[in-house]
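Accompanying notes for the structure given below.
Number of protein chains: 4
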Amino acid sequence: MAGSTFGTNFTITTWGESHGKGLGVVVDGCPAGLPISEEIIQTYLNRRKPGGIKYSTPRKEADKVQILSGTMDGLTTGTPISMVVMNETQRSKDYSEIASYYRPGHADYTFDAKYGFRDYRGGGRSSGRETIGRVAGGAIAIEILKTLGIQVSAYTYSIGDIEINYNRCQKENILESPVYMPDPEASLKAAKYLDDQIRNQDSVGGIVECVVTGMPAGIGEPVFDKLDAQLGKAIMSIGAVKGFEIGSGFMASKMNGSANNDAFFMNEDHEIEKMSNNAGGVLGGISDGSKLILRAAFKPTPSIARTQETVNKDGENISINIKGRHDPIIVPRAVVVVEAMTATTILDLLIANMSSRMDYLKDFYMK
Amino acid sequence: MAGSTFGTNFTITTWGESHGKGLGVVVDGCPAGLPISEEIIQTYLNRRKPGGIKYSTPRKEADKVQILSGTMDGLTTGTPISMVVMNETQRSKDYSEIASYYRPGHADYTFDAKYGFRDYRGGGRSSGRETIGRVAGGAIAIEILKTLGIQVSAYTYSIGDIEINYNRCQKENILESPVYMPDPEASLKAAKYLDDQIRNQDSVGGIVECVVTGMPAGIGEPVFDKLDAQLGKAIMSIGAVKGFEIGSGFMASKMNGSANNDAFFMNEDHEIEKMSNNAGGVLGGISDGSKLILRAAFKPTPSIARTQETVNKDGENISINIKGRHDPIIVPRAVVVVEAMTATTILDLLIANMSSRMDYLKDFYMK
Amino acid sequence: MAGSTFGTNFTITTWGESHGKGLGVVVDGCPAGLPISEEIIQTYLNRRKPGGIKYSTPRKEADKVQILSGTMDGLTTGTPISMVVMNETQRSKDYSEIASYYRPGHADYTFDAKYGFRDYRGGGRSSGRETIGRVAGGAIAIEILKTLGIQVSAYTYSIGDIEINYNRCQKENILESPVYMPDPEASLKAAKYLDDQIRNQDSVGGIVECVVTGMPAGIGEPVFDKLDAQLGKAIMSIGAVKGFEIGSGFMASKMNGSANNDAFFMNEDHEIEKMSNNAGGVLGGISDGSKLILRAAFKPTPSIARTQETVNKDGENISINIKGRHDPIIVPRAVVVVEAMTATTILDLLIANMSSRMDYLKDFYMK
Amino acid sequence: MAGSTFGTNFTITTWGESHGKGLGVVVDGCPAGLPISEEIIQTYLNRRKPGGIKYSTPRKEADKVQILSGTMDGLTTGTPISMVVMNETQRSKDYSEIASYYRPGHADYTFDAKYGFRDYRGGGRSSGRETIGRVAGGAIAIEILKTLGIQVSAYTYSIGDIEINYNRCQKENILESPVYMPDPEASLKAAKYLDDQIRNQDSVGGIVECVVTGMPAGIGEPVFDKLDAQLGKAIMSIGAVKGFEIGSGFMASKMNGSANNDAFFMNEDHEIEKMSNNAGGVLGGISDGSKLILRAAFKPTPSIARTQETVNKDGENISINIKGRHDPIIVPRAVVVVEAMTATTILDLLIANMSSRMDYLKDFYMK
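Protein chains in written order, with the numbering used here: chain L, 1 to 367; chain V, 1 to 367; chain G, 1 to 367; chain W, 1 to 367.
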């Protein structure tokens with residue numbers, strides 16, 4: 001089905017394998033006139049890179065982005081924007097072992113089942129490096145949203161059982177935390193907990209939360225391309241995500257209507273507002289003008305140093321030890337990926353909404 | 001963006017409002033030669049109707065489906081299948097009150113914000129009746145999957161805090177339970193709890209779980225049209241769903257890799273199997289041949305009898321009492337909707353997978 | 001591939017067979033607030049019906065359209081608009097003969113080859129009645145375009161060798177001509193020529209020309225969804241069309257650049273205009289603000305009374321005489337179909353263009 | 001609308017400007033296991049390059065293709081294939097003149113009208129170099145079709161008034177002719193005629209014909225994604241194409257049904273065949289198993305050396321002389337582009353057809 005393109009009016013088409021020649025993205029449907037540069041895109045890609053020495057792979061990945069098309073004099077031209085990150089180290093490493101068996105929790109087996117064989121070098125297309133294209137493309141969406149007064153901000157909400165406490169959270173803390181937590185106390189605890197994981201040759205999961213402010217009301221296309229449905233797809237498509245929720249999310253399943261309903265009221269600017277935000281900013285699949293709040297549950301890194309049981313391609317039960325050092329957690333590096341996918345989704349639906357009323361078409365074409 | 005079509009190769013396009021002339025669906029891309037009839041579709045639609053007297057609206061909705069195209073002599077012909085359910089009661093009721101204010105938890109405000117006005121009669125397009133088209137269309141997908149040995153089965157997993165206990169569950173119990181729970185003990189408890197809700201003029205949320213057996217490995221199209229990503233969209237697009245998870249889901253965020261990884265082993269039929277199924281049947285966005293397990297979190301019914309605070313269209317803060325009787329819970333009637341959306345998604349991806357290898361094309365065209 | 005939906009932001013999804021229960025269309029992505037009614041749609045459908053007694057089938061087809069959803073108080077609501085025309089005469093005719101062989105020039109053989117069997121009653125889905133959904137859906141697009149000052153007007157350009165002479169053409173003549181020709185002299189000649197065809201038990205082809213005035217410059221999405229590319233698909237998808245051209249079209253292949261290039265100049269309103277319009281209103285796949293001019297070549301009606309050679313389903317060579325009376329020409333009734341498809345295409349691209357510049361998004365969302 | 005992607009199941013997404021850093025394509029949905037290499041792709045790209053010294057631009061364009069992803073050990077892996085051609089000469093030429101006015105017959109004006117400004121360097125995205133991505137992507141489609149026994153072959157059918165004579169045509173002649181004509185006599189005449197054009201500082205149009213052999217019956221998805229409709233879009237999307245026809249095409253508009261209908265008969269292999277092929281291999285939008293025959297009408301090269309009238313960006317009427325040498329004709333270099341777009345279209349529909357019957361799904365999944 002050609003599953004490498006996301007979006008309808010604003011699209012990203014990503015490509016590339018972990019240890020191939022490079023990875024990249026084609027951004028299509030980008031409006032003309034947006035200031036953009038390799039420097040701007042790079043700041044986003046850098047957030048994908050190891051956040052702290054301990055909790056991510058020691059691989060040195062420069063991940064320098066090049067823009068090959070779609071801009072002139074620092075502005076987008078309306079034509080497709082092709083961005084590439086070349087892989088610096090296509091090491092002629094020995095992959096024979098990893099090629100011979102199926103790592104638990106990885107996509108080795110399913111890729112073989114689907115395609116008959118797989119690019120086993122570094123995980124191939126199912127590697128976390130696949131997100132490079134998402135982040136580069138999503139960076140453009142984030143920049144457009146900013147211009148429109150919409151801010152997308154994600155952070156680590158929890159690592160294992162350690163959750164942030166909103167009372168201690170400051171946005172400024174996020175990038176300073178080695179685990180991208182806005183709560184310094186939780187961040188410290190989490191750092192220690194991750195040290196334990198490394199010692200235990202284990203890994204752990206966590207949750208990323210994403211908040212979008214400045215959202216206009218009216219965004220989302222019922223009944224299948226609802227804002228929360230498209231976000232659900234966007235977030236679930238990120239590797240290692242096992243759950244998605246919006247607003248009160250799974251908690252809503254245990255709540256009473258009288259508690260979960262958000263009462264409307266007129267605020268002091270005589271605008272409609274909600275007393276609470278259990279809806280997470282979406283009612284009936286359409287944004288209600290409140291903050292958008294979503295969460296993504298990530299499973300633990302499947303690559304762990306411990307001995308694991310599995311099967312090889314000869315159909316034998318074997319024990320394996322996956323070599324190399326691996327992140328004890330996926331979450332921190334995925335924070336910017338969640339932002340990228342969220343922004344891409346929202347922008348696509350912002351564009352879709354521009355034709356929701358005859359008056360909008362008349363204002364545009366009859367002026 | 002024309003959000004009323006779901007799918008790529010097998011599509012459903014739904015239409016209709018709660019109190020308009022009718023509701024329906026156009027199913028396109030249905031393979032020729034499937035036995036289908038209004039009777040078969042009706043059995044699915046009937047499950048959407050009130051499951052028990054107490055816990056659903058007393059409205060009498062015959063919801064008789066008519067097939068208007070796409071079949072001959074009881075078989076699908078490969079052309080689009082149009083199905084319609086006419087609304088029997090387009091009561092000339094007085095809607096002036098409900099038209100004048102925004103019900104908390106409903107899409108009244110967001111539809112106005114998007115389209116400038118709304119069809120306020122019975123909720124219009126954002127009514128639960130919108131799912132009629134989904135169920136009629138999804139019924140065809142379910143029938144196709146059955147032919148291929150794939151069974152989709154959903155049920156109520158929890159109502160408020162009352163969860164099923166797998167040890168007490170039998171598939172046969174589902175349709176006998178007034179709340180579609182496979183665990184009779186939990187069902188009884190839930191029934192009593194819903195009685196309380198009615199007395200309290202309140203409502204409650206719950207979780208639907210869906211299990212798919214007989215799934216072949218290899219289904220799902222990385223990186224954006226992954227099986228779990230498409231399911232995420234499908235399920236999140238159902239009204240009132242606030243969360244989606246697959247396999248260990250949100251629990252995975254608290255687990256260690258050593259516990260969450262499912263070890264592979266060769267079973268006695270010398271097939272690759274997994275010791276556990278935290279993955280929920282999906283690795284890297286592709287089915288692994290295990291059972292598919294997903295859950296959808298539904299918020300409580302937003303329409304409750306209690307007095308609620310809100311605003312009216314004149315921008316005044318008001319108190320309202322929504323008239324009429326309403327379901328204290330959405331979940332039981334949504335069970336078949338979850339099945340329908342799950343099946344539609346899987347079928348679309350089963351088709352996409354048929355061209356994943358050159359050998360498949362050669363086998364098909366060179367025979 | 002689910003080929004029954006056309007468009008991206010404004011879509012029509014058609015369904016129905018010639019002798020099934022009915023035919024119809026779901027229009028999705030229609031902006032809210034357009035005045036629409038069954039009466040308005042009916043005027044378009046009536047133009048699809050026999051234009052003159054002699055040159056079209058004597059079947060009485062009321063083709064009364066019903067709008068089942070998507071409007072309230074005479075205005076579109078932004079939700080999908082479902083329209084249905086029920087077939088009045090599902091005669092229990094004997095189709096055994098027509099089911100047994102493959103009519104030359106028809107889709108009997110190819111439908112069997114694709115789907116394994118076909119709905120042979122009246123041509124099934126490949127009947128000309130399939131265009132009912134196109135016309136009903138396209139009518140809405142035409143109405144929207146009118147609101148935006150864009151007029152779509154098609155007419156018969158030629159029947160066999162008889163072409164219109166622009167010097168004698170008046171738009172008012174079109175609907176008065178039994179063959180929808182704007183040139184009364186050519187119309188008279190064509191009528192006589194068609195009499196000959198009937199006498200000869202034969203049929204003839206012709207060309208429909210469509211002119212669009214009021215087109216803004218800038219419409220079309222390079223490089224694949226160019227205005228002329230999308231129109232090419234739209235027009236070629238109409239049954240019996242074998243050729244499509246825009247502006248000087250096939251003539252351009254014989255012209256010199258110095259003659260085919262349209263010189264730009266500043267007109268008296270100080271707007272950019274072209275001296276000539278060989279481009280047909282499209283340069284680089286984007287409208288240039290001139291009149292859009294396209295032509296569709298229709299083959300002769302394949303159903304003729306003469307004896308024809310063919311094969312039957314038993315693989316025998318046979319001679320056949322197709323019973324019933326048939327139109328000696330397809331063109332006149334197809335005129336409104338060409339308008340419908342042209343308008344649908346243009347509207348979809350008008351919407352797409354609304355996000356072509358950052359300034360447009362800023363104007364829309366930052367006001 | 002993000003118009004840079006073509007196809008549904010097998011897609012090409014092209015990007016790049018004439019004088020930007022490079023041009024390329026992402027091919028998605030390519031089945032795994034196809035042997036492919038840069039050498040194979042290069043042979044197609046080389047046919048896009050100047051065919052003969054005299055009739056094409058003297059620019060030296062190495063146009064070396066690199067495959068950056070989607071293959072391993074010389075086989076496609078099922079993941080997206082990214083191919084890039086870097087522009088060698090990004091000359092810091094003075095473009096100020098060409099930036100200041102609108103060349104007749106070019107897309108300068110329409111790009112400005114749409115996007116507010118344009119990349120004027122060498123035509124930017126509307127340059128003929130845009131087809132590099134189409135050819136690289138289409139090459140893969142052609143290779144897949146070959147594997148399935150389907151051959152796509154295009155050639156120059158006419159240049160100005162000079163048409164090929166089928167009696168003198170040999171497929172082997174095509175690549176030997178400086179204008180890619182299979183008829184040596186016509187080729188000679190055309191060559192002389194083009195000499196005249198150069199002397200006259202003029203250009204001329206022509207027609208490309210494309211024949212596809214080995215087509216199975218049953219390909220095409222009614223009613224909008226018919227084989228001829230999708231081909232119409234594919235071909236019309238090529239720059240400079242002003243007309244498209246299939247089979248008897250525009251001639252059909254002047255023919256009688258008795259002459260245009262192709263009689264079926266049982267051939268000596270007891271297969272259904274047609275006596276003639278006015279249909280061009282398509283009936284009802286579905287392939288009939290005969291040769292597919294289509295034609296594309298190209299306008300003359302708009303860039304000519306003669307003085308031309310136009311306007312500049314200051315709104316003044318001016319006379320211009322476009323510098324540099326330009327091809328007197330577009331057609332020969334477009335031959336391989338027509339093949340590429342034809343093959344891409346057919347492959348996409350071949351895949352779609354694999355799910356047209358329940359039996360096909362059963363054969364695939366129940367074996």
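Don't be surprised by glycine CBs; every beta carbon is placed ideally from N, CA and C.
If you check the CB distance, P328/G and L194/G come in under 8 Å. Nothing from the segment 285 to 305 of chain V brings a Cβ to less than 9 Å from some Cβ of chain G. In the three-state reduction of the DSSP assignment, M266/L falls in the strand class.
Three or more beta-carbon pairs separated by less than 8 Å are not found between the segment 280 to 290 of chain L and the segment 135 to 152 of chain L, which leaves the two stretches without contact. Those residues of the segment 341 to 363 of chain G placed with their C-beta closer than 8 Å to a C-beta in chain L are L350, I351, A352, M354, S355, S356, R357, M358, D359, Y360, L361 and K362, ordered along the chain.
Residues of the segment 17 to 31 of chain G with a C-beta less than 8 Å from any C-beta of chain V: E17, G20, K21, G22, L23, G24, V26, D28 and G29, listed in chain order.
Scanning its chain for C-beta atoms nearer than 8 Å, with the 5 sequence neighbours on each side dropped, one finds around Q66/V the residues E38, M83, V84, V85 and M86, in chain order. Contact holds between the segment 192 to 211 of chain G and the segment 154 to 163 of chain G, because three or more Cβ pairs, one in each stretch, are under 8 Å apart. Annotation for G74/G: no beta strand (DSSP E) segment contains it, and DSSP assigns it neither H nor E. The beta carbon of N165/L sits no closer than 8 Å to any beta carbon of chain V.
F6/W has I12/W as its beta-bridge partners, per DSSP. Residue contact check for S4/L against chain V: a CB pair falls below 8 Å. For R134/G, the enclosing alpha helix (DSSP H) covers residues T131 to T147. Residue pairing by DSSP puts S287/L in a beta bridge opposite V282/L. Within chain G, no residue has its CB atom less than 8 Å from the CB of N87/W, the nearest being about 17 Å off.
Under the three-state reduction of DSSP output, P104/W falls in the coil class, being neither helix nor strand. Pairing T77/L with I36/L gives a Cβ-Cβ distance that is not under 8 Å. Within the segment 217 to 264 of chain G, complete beta strand (DSSP E) segments of at least 3 residues are found at 241 to 246, given in chain order. Straight-line measurement puts the Cα of G249/V at about 19 Å from the Cα of I162/V. G205/L is a Cβ neighbour of A297/L, given a cutoff of 8 Å. With 16 or more neighbouring CB atoms inside 10 Å of its own CB, H19/V falls in the buried class.
The shortest CA-to-CA distance from P216/L to any of H270/V, V27/V and F111/V is the one to F111/V. K64/V and I132/V have their C-alpha atoms spaced approximately 10 Å apart. Using a CB distance cut-off of 8 Å, F10/G counts as an interface residue toward chain V. Per DSSP, the unbroken alpha helix (DSSP H) holding Y365/W starts and ends at M358 to Y365. Against G116/W, the close residues of chain L are A32, G33 and G78, in the order they occur along the chain (beta-carbon pairs closer than 9 Å). In the assembly as shown, K367/V is an exposed residue. Its beta-carbon has fewer than 16 other beta-carbons within 10 Å. Looking at A240/L, G243/L, P300/L and N267/L, the one whose alpha-carbon comes closest to that of K254/V is P300/L.
The continuous stretches of alpha helix (DSSP H) do not include I164/L, and DSSP gives it neither H nor E. In the assembly as shown, T345/L is a buried residue. Its beta-carbon has 16 or more other beta-carbons within 10 Å.
Taken through DSSP and simplified to helix, strand or coil, E38/G comes out as helix. By the rule that beta-carbons nearer than 8 Å mark a contact, T147/W touches chain V. Using a Cβ-Cβ cut-off of 8 Å, D119/W counts as an interface residue toward chain L, since at least one Cβ of chain L sits closer than that to its own.
Scanning its chain for C-beta atoms nearer than 7 Å, with the 5 sequence neighbours on each side dropped, one finds around A190/V the residues I159, I162, V179 and M181, in chain order. Not flagged as an interface residue toward chain G: S127/V, since no C-beta distance is shorter than 8 Å. Counting only runs of at least 3 residues, the segment 148 to 193 of chain L fully encloses the following beta strand (DSSP E) elements, listed from N- to C-terminal order: 151 to 159.
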